[in-house]
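Below is one structure; the comments refer to it alone.
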Amino acid sequence: MTRAEGISSFAGLVITTSRPPISSVVSSFAWAMRMKLPRHGTIRGQTRPAFQARPPSIPGVPLSASPLAAEVRRRRTFAIISHPDAGKTTLTEKLLLFSGAIQIAGAVKGRKASRHATSDWMEIEKQRGISVASSVMQMLYRDHVVNLLDTPGHKDFSEDTYRVLTAVDAALMVIDAANGVEAQTRRLIEVCRQRDTPIITFVNKMDREVREPLDILDEVERELGMPCVPMTWPVGKGKAFGGIMNLRRQAMTVFESGSERRPQDFDTVPLSDTDELRRRFGAEYDAAAESMELASGASPEWDHAAFLAARQTPVFFGSAVNNFGVMEVLDALVDLAPAPQARKSTAVVNRQPVERMVEPDDTAFSGVVFKVQANMDPSHRDRIAFVRMASGKFTPGMKLKVQRTAKELRPTSVVTFMSQRREAVDEAYAGDIIGFTTHGGVQLGDTITDGSVNLQYTGLPFFAPELFMVVVLKNPLRTKQLQQGLAQLGEEGAIQVFRPQIGGPMLLGAVGQLQFEVVQHRLKTEYDCDVRLEGCPYTGARWITADTPAELKAFTDAYPQRLALDAADALAFLCTSPYDVRLAQERFPKIHFHLLREHAGLALQSAN
Ligand SMILES: Nc1nc2c(ncn2[C@@H]2O[C@H](COP(=O)(O)OP(=O)(O)OP(=O)(O)O)[C@@H](O)[C@H]2O)c(=O)[nH]1
Ligand SMILES: [Mg+2]
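Residue numbers (the numbering used here): 1 to 608.
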């Protein structure tokens, strides 16, 4: 295929594809799914606490359903989100510990630590003590299958976090009690709100000198735009942190520091025993009881349906590093968070796109690739495609199909994850995340089915990068390895890789500066390629489509120096200033300039 044919066939593909109206960058995440309002499940207690042990059933899934529905009902899939350093990875580790999935929790920071956090497995994460990529973990807890996704907080890696949010049914938002709602948390809240993702709030680091709980609650409420319902309430903070009052169990759990403790090791005192509480915690107890009274008076009663519709958030307090207040969150995830819901897909019938809701207990297997990760296991050196299942049942040996290319897949080993530890899957259902080895042919955003249905999920975004660097290889003999490394890291979405049409060195495009550092580091450690990154004049890119091949050709002939193909072979126009784009638009009014690319260029948003 010639270059011109490649471009026009790409353009043709886009034109025949329907695209949802996307009005803003953020709204593009509001992919298929909108939470269905449950018909039941509202819990209203007569007196506080209004939080009861278990909702009568999981809304949205009838109780009398098939074995498939029963499996769906016991699944919970959620992401842990927040600004950097609020304690997501620490909390993840403690959730894994309490569910029995790991024996000893690793520490996030500290180069001396012999054990690192399970979810921070990359070399660079261990060195810096930050999460660079999302990780997926599955655990069993109280007969429920809990799929947990730890996300990176740093804004430079936010594309990964946004992709994860398309794959979950609920979010656990971690707030650093000293800092309140920080900038990146605010952005993530916005994404959750666009998709009506239910949010559970955990206020962390109560063992530090932090802000007043009422103050934090007020801020969360304002930023979230939804009422908070406290489920636990702290007594004191920092050195005087006494513990948390559990409004559900009507007991106070007494704080003790240390990361070795299990939930049963903490002392408890009934809330009715006020004399004892006053004796042990003095003025701190009185102040806490008073502020709790105020908070309860100001917040609405617990309403499960409102929570599922993202109109209310339950709030928990604790100290993740001290294993404190964590069990309450794990129980809430099982008791309150929704089971997998129906997802909107598009099927092409008579060349026309038709919307269809796919129920999680539909028998046909379907799912979306929301993450690709190379070199998770140094001894394997392979690439894993992560699929969030939306419907059906997976069993080993099953044939799968990539909807975009209609190619068949016969994955030999399909796994679930304990971070980098993989276990063979016996069976998996909607909500589960399964991974299979890919040797190319699978892209981020691909819909995978068992071949019995014709549908496509959309909603996985790629943003036009704003930072660009040229890659210069220090040792030219490593060219092949560099090409392989860049192809694989580009496919992962770790960075965007552009091949200029006129040839010359590859360009890297990023949303944040740290992405460059990570890619440089990974090229060296994973592909043995020493590279230098040099500045270049580009400050933006727009993906290009046209209605006819002739129009596209006129444009590409006019700007041969400015065109590049990305990892999905989508054509992009590189610009050195916003005026560039405006000028090009004025010259070629029929060309479409897109700020967002969706999966494989199947749908694009026009720049205004
Ligand atoms: N004092 C105190 N420190 C905590 C607590 N929880 C976490 N930390 C510390 O906060 C730091 C950041 O914790 P992480 O779990 O790495 O935070 P994160 O949200 O995963 O950070 P990113 O992945 O980089 O966004 C670490 O040094 C933790 O030990 C807590 O309850 N109390
Ligand atoms: Mg982390």
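No residue lacks a Cβ here, since even glycine has one placed at the ideal position from N, Cα and C.
Computed from a prediction, not measured in an experiment: that's the story for all the values here.
* Residues bridged to Trp543 [DSSP beta-bridge criterion] -> Ala572 and His594
* Limits of the unbroken alpha helix (DSSP H) element including Val326 -> For Val326, the enclosing alpha helix (DSSP H) stretches over residues Val326 to Leu336.
* Distance cut-off 7 Å: His154 Cβ against heavy atoms of ligand 1 -> yes
* For Lys344, the first and last residue of its enclosing beta strand (DSSP E) -> Unbroken beta strand (DSSP E) run through Lys344: Arg343 to Val349.
* Asked: Alpha carbon to alpha carbon, how far is Arg187 from Ile124?
  -> 25 Å
* Taking only the alpha-carbon atoms, compute the straight-line gap between Asp207 and Phe241 and give it to the nearest angstrom. => 6 Å
* Asked: Do you know how far the Cα of Leu172 is from the Cα of Lys155?
  -> 18 Å
* Would you list the one or two residues that DSSP bridges to Ser391? => Ser366
* Asked: With C-beta atoms as the reference, is Thr539 less than 8 Å away from Glu586?
  -> Taking C-beta atoms as the reference points, Thr539 and Glu586 fail to come closer than 8 Å.
* With burial defined as no fewer than 16 other Cβ atoms inside 10 Å of the residue's Cβ, what is the status of Asn323: buried or exposed? -> buried
* To do: Per DSSP, which residues does Ala428 bridge with? Please list them.
  => Phe394
* Contact belief for Gly509 with Gln501 at Cβ below 8 Å, rounded distance in angstroms -> That pair is no contact at about 15 Å.
* Asked: What is the C-beta distance between Pro230 and Gln312, in whole angstroms, given that I count them as a contact (C-beta under 8 Å)?
  -> About 12 Å separates the two Cβ atoms, so there is no contact after all.
* For Ala167 and Phe29, the rounded distance between their alpha carbons -> Per-residue confidence for Phe29 stands at a pLDDT of 24, beneath the threshold of 50, marking its modelled position as unreliable; no derived number is given.
* Ile216 and Trp233 look like a contact to me (Cβ under 8 Å); what is the Cβ gap, rounded to whole Å? -> Incorrect: roughly 11 Å between the Cβ atoms, too far for contact.
* Between the C-alpha atoms of Arg163 and Arg343, what's the straight-line distance to the nearest angstrom? -> Between the alpha carbons of Arg163 and Arg343 lies a gap of roughly 16 Å.
* **Exposed unless 16 or more other CB atoms sit within 10 angstroms - verdict on Tyr527** => buried
* Asked: If Leu140 sits next to Ser99, beta carbons under 8 Å apart, how far is it from one beta carbon to the other, in whole angstroms?
  -> 7 Å
* Have a look at Pro38 and Ala337 and give me their C-alpha separation to the nearest angstrom. => Reliability fails at Pro38, whose pLDDT of 29 lies under 50, so the model's placement of it is uncertain and no value is given.
* To do: Compute the distance between the beta-carbons of Val174 and Asn204, then report whether it is under 8 Å.
  => yes
* Relative to ligand 2, is the shortest distance from any of its heavy atoms to the C-beta of Glu371 smaller than 7 Å? -> The sequence as given places Lys at residue 371; Glu does not occur at that position. No - ligand 2 has no heavy atom lying nearer than 7 Å to the Cβ of Lys371.
* Asked: For the 8 Å Cβ check, are there 3 or more pairs between the segment 127-137 and the segment 356-365?
  -> no
* Asked: Is Asp150 near ligand 2, with its Cβ less than 7 Å from a heavy atom?
  -> yes
* Measure the alpha-carbon distance for Asp450 versus Pro340 and round it to whole angstroms. => 19 Å
* To do: May I have all residues whose beta carbon comes closer than 5 Å to any heavy atom of ligand 2, sorted in chain order?
  => Lys88, Thr89 and Ser131
* Asked: Using 8 Å as the threshold, is the segment 68-88 in touch with the segment 177-187, meaning 3 or more CB pairs across them?
  -> The segment 68-88 makes contact with the segment 177-187, as at least three CB pairs between them are under 8 Å.
* To do: Please check the pair Phe386 and Val414, which I expect to be a contact at CB under 8 Å, by giving their CB distance rounded to whole angstroms.
  => That belief does not hold up - the Cβ atoms of Phe386 and Val414 are roughly 11 Å apart, past 8 Å.
* For Tyr559, the three-state DSSP class (helix, strand or coil) -> coil
* To do: Just the C-alpha distance for Ala332 and Thr416, rounded to the nearest angstrom, thanks.
  => Distance between the alpha carbons of Ala332 and Thr416: 23 Å.
* Is there at least one non-hydrogen atom of ligand 1 closer than 7 Å to the beta-carbon of Pro84? -> yes
* Of the residues Ala133, Arg195, Leu95 and Val191, which one's Cα is nearest the Cα of Leu148? -> Leu95
* To do: Might you give, ordered along the chain, the residues of its own chain that have their beta carbon closer than 7 Å to the beta carbon of Phe317, omitting 5 neighbours on each side?
  => Val203, Met206, Pro213, Thr232, Trp233, Pro234, Ile244 and Gly325
* Asked: Hey, how far is the Cα of Ala133 from the Cα of Pro152?
  -> Their backbone Cα atoms lie some 6 Å apart in a straight line.
* Rounded separation between Asp218 and Thr274 - CA only -> 27 Å
* Of the residues Tyr559, Asp160 and Leu308, the one placed nearest Ser135, counting alpha carbons only -> The candidate whose alpha carbon is nearest that of Ser135 is Asp160.
* Compute every distance between the C-beta of Ser291 and the non-hydrogen atoms of ligand 1, then say whether any falls below 7 Å. => no
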